[in-house]
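Each number in the working numbering corresponds to the 1-based position in the sequence shown with 111 added. Quick reminder that beta carbons are idealized off the backbone N, C-alpha and C, glycines included. Written out below as C-alpha cells is the structure these notes cover.
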Amino acid sequence: MIGDGPVDLLYTRGWLSNVEYAWESPDYARFFTKLGRFSRLITFDKRGTCLSDRDVGYPTLEERSEDILTVLDAVGAKQVALLGVSEGGTIAAVFAAMFPERVKSLILYGTYARSKWAPDYPWGTKPEMADRFIAEMRRNWGKPFDLD
Numbered sequence: 112m113i114g115d116g117p118v119d120l121l122y123t124r125g126w127l128s129n130v131e132y133a134w135e136s137p138d139y140a141r142f143f144t145k146l147g148r149f150s151r152l153i154t155f156d157k158r159g160t161c162l163s164d165r166d167v168g169y170p171t172l173e174e175r176s177e178d179i180l181t182v183l184d185a186v187g188a189k190q191v192a193l194l195g196v197s198e199g200g201t202i203a204a205v206f207a208a209m210f211p212e213r214v215k216s217l218i219l220y221g222t223y224a225r226s227k228w229a230p231d232y233p234w235g236t237k238p239e240m241a242d243r244f245i246a247e248m249r250r251n252w253g254k255p256f257d258l259d
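Next comes the structure, spelled out in C-alpha cells:
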C-alpha cells in the first residue's frame, strides 16, 4: 500500500504483474506515486502469479474476486474504488457484481467482455492470431520487451 488519502483504491493488474518489481519501472513508480497522492493505493499479485502461491491451477473469475475480498479484509478496507486494467478489469467487474456493497466506483481500462472472435463478436481475436501471439510469447519469454 502507498498513500493515506481519503479513498481506498484497489489496483487490479492484467495477466502479468509483480507488486515488487513494478516499482523498478520509473513509469509504474510514477503512476503508483501519483495514485497514492489522493488515495490509499492497494495492490496485490493475483493468485498463481509473481509473489503469490504457485501451482494453484487456473482460478475462475469468481475465485479471483474472492481473492480481492480477502485482500480488502486484510487491509481493513470496507469500500473501495476499483481500478482494473486488462484482465484485471474483468476481475474487478465480476467483483463489483458479486460484492456491490464493497465497491464505491469502478474504473476499467483496456478491458473487454470477451477476447475470442465469434460470429456475433467480430472484434475478437481469431484463433490464428492467438496462436501467433502465443508462439511469439514462447519465443521471447524472459527477454526484455517494450511496453509500447
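In whole angstroms, give me the CA-to-CA distance for residue i and residue j.
| i | j | result |
| --- | --- | --- |
| W134 | R249 | 25 angstroms |
| D138 | T144 | 10 angstroms |
| I113 | A185 | 15 angstroms |
| G116 | K189 | 14 angstroms |
| P233 | G187 | 43 angstroms |
| L121 | I202 | 12 angstroms |
| K254 | E247 | 11 angstroms |
| D166 | K215 | 33 angstroms |
| G200 | E173 | 13 angstroms |
| N251 | R243 | 12 angstroms |
| G168 | S150 | 33 angstroms |
| P136 | P211 | Inspection of the sequence shows that residue 136 is occupied by Ser rather than by Pro. Using only the alpha carbons, I get a separation of about 33 angstroms. |
Just checking residue i against the ligand MG - is the residue's beta carbon closer than 8 angstroms to any of the ligand's heavy atoms?
| i | result |
| --- | --- |
| K227 | The ligand MG is absent from the structure shown, which contains no ligand whatsoever. |
Just tell me which of the options has its CA closest to the CA of residue i.
| i | options | result |
| --- | --- | --- |
| T123 | S150, A204 and R213 | A204 |
| D119 | S136, R148 and Y132 | R148 |
| V191 | K254, E174 and A207 | A207 |
| Y223 | K237, V130, R141 and G195 | G195 |
Leaving out the 5 sequence neighbours to the left and right, which residues in its chain are closer than 6 angstroms to residue i when beta-carbon positions are compared?
| i | result |
| --- | --- |
| E198 | G125 and W126 |
| M209 | S176 |
| V182 | F155 |
| R213 | Q190 |
Would you please state the rounded distance, in angstroms, between the beta carbons of residue i and residue j? I believe it to be under 8 angstroms.
| i | j | result |
| --- | --- | --- |
| K227 | G235 | 5 angstroms |
| L193 | I218 | 7 angstroms |
Only counting the same chain, and skipping five residues up and downstream in sequence, which positions put a Cβ closer than 7 angstroms to that of residue i?
| i | result |
| --- | --- |
| L152 | M112, I113, G114, L120, Y122, F143 and L146 |
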